[in-house]
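In the UniProt record's numbering, the protein residues as written are 1 to 172.
Cβ coordinates follow ideal geometry from the N, Cα and C atoms, glycine included.
Quick caveat, the model's predicted, so the values are computed rather than measured.
Everything below concerns the one structure shown next.
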């Protein structure tokens, strides 16, 4: 290896965007493996089932956000219908939808706006149900299928854990 190539190899900085980290976490979701990725002063550790540890790391650059992440001011709600006048859905038929990550759960895009959904409301697949904020980045929680929201299980501005139940939804 030439001196220039060795210098470049030794001094190359690890540069990951929020999208890169999000993709790594998605790939590891459900995996039983731990991951440690270290390069210079950059350290990414993913541990399953253990207590989180804090390490200095390079934060995402300002203005970078993953595609599903939106600020509350620009969040768009997908089409939703008014609450149904039909008989209430049987909660025993409902599927529980959990939080995709740990963070602060919000029912509306801003304190002045109405909630994305109310109990009893029918929603289309992809409809915005709420937001989770982590380090000033907002991730929209979307309905995975068309259904009726039977119950909202988390309060507005509540800190939620990954996989904590947020909604009960009966598929249509």
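Quiz item: Do residue 124 and residue 148 have their CB atoms nearer than 8 Å?
Solution: For the purposes of this step, residue 124 is taken as residue 124 along the chain shown, with counting starting at 1. For the purposes of this step, residue 148 is taken as residue 148 along the chain shown, with counting starting at 1. Going by C-beta atoms, residue 124 is not nearer than 8 Å to residue 148.
Quiz item: So who's on the other strand from residue 132, going by DSSP bridges?
Solution: What you label residue 132 is simply residue 132 of the chain shown in a count that begins at 1. According to DSSP, which records beta bridges pairwise, residue 132 is partnered with 105 and 139.
Quiz item: For residue 102, which residues from the same chain have a beta carbon less than 6 Å from its beta carbon, with the 5 sequence-adjacent residues on both sides left out?
Solution: If you number the chain shown from 1, residue 102 lands on position 102. Answer for residue 102: 161 and 162, listed in chain order.
Exercise. Ignore the nearest five residues each way along the sequence and tell me which others in residue 98's own chain have a CB closer than 8 Å to its CB.
Key: One-based indexing of the chain shown puts residue 98 at position 98. Answer for residue 98: 162, 163, 164, 165 and 166, listed in chain order.
Quiz item: Since residue 168 contacts residue 153 with CB under 8 Å, what's their CB separation in whole angstroms?
Solution: Taking the chain shown and counting its residues from 1, one reaches residue 168 at position 168. Taking the chain shown and counting its residues from 1, one reaches residue 153 at position 153. The Cβ separation is near 7 Å, so the contact holds.
Quiz item: Taking residue 141 as the reference, which of 111, 104, 18 and 19 has the closest Cα?
Solution: Here residue 141 refers to the residue found at position 141 when the chain shown is read from its first residue. With distances taken between Cα atoms, residue 141 lies closest to 104.
Quiz item: According to the neighbour-count rule (16 or more other Cβ atoms, all chains shown, within 10 Å of its Cβ), is residue 130 buried or exposed?
Solution: Along the chain shown, one-based indexing puts residue 130 at 130. Counting Cβ neighbours within 10 Å, residue 130 comes out buried, since at least 16 surround it.
Quiz item: In angstroms, rounded to a whole number, what distance separates the CA positions of residue 120 and residue 100?
Solution: By 1-based counting over the chain shown, the position of residue 120 is 120. By 1-based counting over the chain shown, the position of residue 100 is 100. Distance between the alpha carbons of residue 120 and residue 100 is about 22 Å.
Exercise. Tell me whether residue 109 counts as near the ligand NAP, meaning its Cβ is closer than 7 Å to at least one heavy atom of that ligand.
Key: Summarising the ligand content, the structure contains no ligands, and the ligand NAP is consequently not present.
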